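**Student:** Below is a structure I'd like to ask you about.
Protein chains in written order, with the working numbering: chain A, 1 to 353; chain B, 1001 to 1128.
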């Protein structure tokens, strides 16, 4: 099993380790998922996300290439800015959702899901063939540490020499964090203000220690999942897959009207189902794979993610449902252990920071 | 991890306390609650339901997953711990005390004898 450069830190902190995308990762530390979740909503949490994949895309054709292989528009990015995006396949679905950072005129960094590292490498490599562009896998070179929560800027401010108010949402900057060279990006996956810190693998432990020492609380993948869900963000393998058309979701804003790989299959597709947010009315927790039914108990969809929100104590989730039942306020039933439990279609986010 | 000597255990991580008069109290072990993580919802059986050893009678949901709880012995459900409805986290905080799940009346001696003692339960964890 693979380990991130912070594995030893997780062991020392008493993490419950689980296999995730081939990596041995912390599910939670001693405080548990709920406590870590609430810490990120009220103070600041620290996540090791070094398992995520990084690809450098560079060369004279880099911008044109990325305009073609991603759904958002990298030509609109100034150097030093980033955007959420997706990699379309040629069947109307997506290979992965990504974060794309423009680091220079023809220099980009793609951050992809760990589980999709090989698929993204193959996909980008194949489409780059014959173009004046290089795609390099830099996953092993980078440690990625996310500092998230309302206290994130306060904690970081004491450790860097620059003025953090200069780093706007989705912007990046080179910085020294207690003397260690890093790239700071004002991005995250929690719905809170925060930063993602890219550091050289050899500096991972130093960066982690200094942030923990400054008051950031280590948080695992469990809280990362409940936080992203509460914030209404999709997770590949759940809301987004190789068979799901983003135009049939609230994430359709990512898809810009330009030429892109697989456009014909995606653009013209009919959304017979739509991805919606759901909130349970009956007491039950929706889980991935649970069936969604209408008032006649006919199956009209399927849950993709769900949890009991640690903050609001409401059971919320995402589901694909027949398009005619996707309007806000529509009553649906989620089959939980054989019993239909009432739910409502609601608009994410389930919590607004 | 705490595994009291005076209880009997099922391999599926329930504990059983003999209360006398043919009644047993059932909960989940310290090991089980630790593995589950934060318990957020407990679905308990109806009082009066007749169950067979091995039946699924309750469900404990943690943040990450839903886990079935099995009846360690046969009999009738005579009581459930209704306080878990409002405070499911009690299962984490006090698995052998206030976090008990339900009581069964009628378990026969053969079923009780078939359960593990503390040492055998701890050994069974290594085989998982």
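Idealized CB from N, CA, C, for every residue including glycine. Nothing here was measured: the structure is a model prediction, and the numbers come from that model.
1) Quick check on residue 1097/B: buried or exposed, where buried means 16 or more other Cβ atoms within 10 Å of its Cβ?
2) At a Cβ cut of 7 Å, what residues of the region 296–327 of chain A count as close to chain B, listed as they run along the chain?
3) Please report whether the beta-carbon of residue 1016/B lies at a distance below 8 Å from any beta-carbon of chain A.
4) With DSSP run on the structure shown, which of helix, strand or coil describes residue 1088/B?
5) What does residue 28/A reach in chain B if we use C-beta pairs closer than 7 Å?
6) Do the region 200–213 of chain A and the region 223–234 of chain A make contact, defined as three or more Cβ pairs closer than 8 Å?
7) I want to see whether chain B comes within less than 8 Å of residue 32/A, judged by CB atoms only; does it?
8) How about residue 13/A and residue 24/A: do their beta carbons lie closer than 8 Å?
9) For the region 333–342 of chain A against the region 283–293 of chain A, are there 3 or more C-beta pairs whose distance is under 8 Å?
10) Along the chain, which unbroken stretches of the alpha helix (DSSP H) at least 4 residues long are found entirely within the region 1006–1091 of chain B?
11) Using a Cβ-Cβ distance under 8 Å, would residue 1066/B count as near chain A?
12) Per DSSP, what kind of secondary structure is residue 68/A in: helix, strand or coil?
13) Comparing alpha-carbon positions, which option in 181/A, 86/A, 294/A, 220/A lies nearest residue 201/A?
14) Closer than 9 Å between beta carbons: that is the criterion. Which residues of the region 1086–1120 of chain B meet it against chain E?
15) Please work out which residues of its chain come closer than 8 Å, Cβ to Cβ, to residue 3/A, disregarding the five sequence neighbours upstream and downstream, and give them in chain order.
16) Examine chain B for any beta-carbon lying closer than 8 Å to the beta-carbon of residue 226/A, and answer yes or no.
17) Going by DSSP in three states, residue 302/A sits in which element: helix, strand or coil?
18) Secondary structure at residue 175/A, three-state DSSP: helix, strand or coil?
19) Quick one: what's got a C-beta closer than 7 Å to residue 1017/B's C-beta in the same chain, skipping five residues either side?
20) Can you give the beta carbon distance from residue 27/A to residue 221/A, rounded, assuming they're within the 8 Å contact cut?
21) Classify residue 273/A as buried or exposed, calling it buried when 16 or more other Cβ atoms lie within 10 Å of its own Cβ.
22) What first and last residue would you give for the alpha helix (DSSP H) that runs through residue 33/A?
23) Does the Cβ of residue 1047/B have 16 or more other Cβ atoms within 10 Å, making it buried, or fewer, making it exposed?
24) Specify the secondary structure class of residue 1124/B as computed by DSSP and reduced to three states.
25) I want to see whether chain A comes within less than 8 Å of residue 1046/B, judged by CB atoms only; does it?
26) Please report the distance separating the alpha-carbon of residue 74/A from that of residue 125/A.
27) Nearest-angstrom Cα distance between residue 295/A and residue 331/A?
28) In this structure, does DSSP put residue 351/A in helix, strand or coil?
29) Using the rule of at least 16 other Cβ atoms within 10 Å of the residue's Cβ for burial, across every protein chain shown, is residue 146/A buried or exposed?
30) In three-state terms, what does DSSP make of residue 271/A?
31) Within the chosen definition, does the region 43–55 of chain A reach the region 104–119 of chain A through at least 3 CB pairs nearer than 8 Å?
32) Going along chain A, which residues have a C-beta under 8 Å from residue 1059/B?
33) Note the first and the last residue of the continuous beta strand (DSSP E) segment covering residue 342/A.
34) Compare the C-beta of residue 291/A against all C-beta atoms of chain B and say whether one is closer than 8 Å.
35) Between 29/A, 316/A, 105/A, 240/A, which lies nearest to residue 78/A when the distance is taken from Cα to Cα?
36) Whose C-beta lies closer than 7 Å to the C-beta of residue 340/A among residues of the same chain, with five residues either side of it excluded?
**Tutor:** Walking through what the data contain:
1) Exposed is the call here.
2) Those residues of the region 296–327 of chain A that come within reach of chain B (Cβ to Cβ, closer than 7 Å) are 307, 308.
3) no
4) coil
5) Within chain B, the residues whose beta carbon sits less than 7 Å from that of residue 28/A are 1037, listed in sequence order.
6) no
7) yes
8) no
9) Yes, the region 333–342 of chain A is in contact with the region 283–293 of chain A.
10) 1030–1036
11) yes
12) helix
13) 181/A
14) Among the chains of the structure shown, chain E does not appear; the protein chains present are A and B.
15) 23, 24
16) yes
17) strand
18) Note: residue 175/A maps to strand in three-state DSSP.
19) 1007, 1024, 1025
20) 6 Å
21) Per the 10 Å Cβ criterion, buried.
22) Counting along the chain, the alpha helix (DSSP H) containing residue 33/A begins and ends at 33–42.
23) So residue 1047/B ends up on the exposed side.
24) helix
25) no
26) 18 Å
27) About 8 Å.
28) coil
29) buried
30) coil
31) yes
32) 337
33) Annotation: the continuous beta strand (DSSP E) that includes residue 342/A extends over 339–346.
34) no
35) 105/A
36) 293, 297, 333
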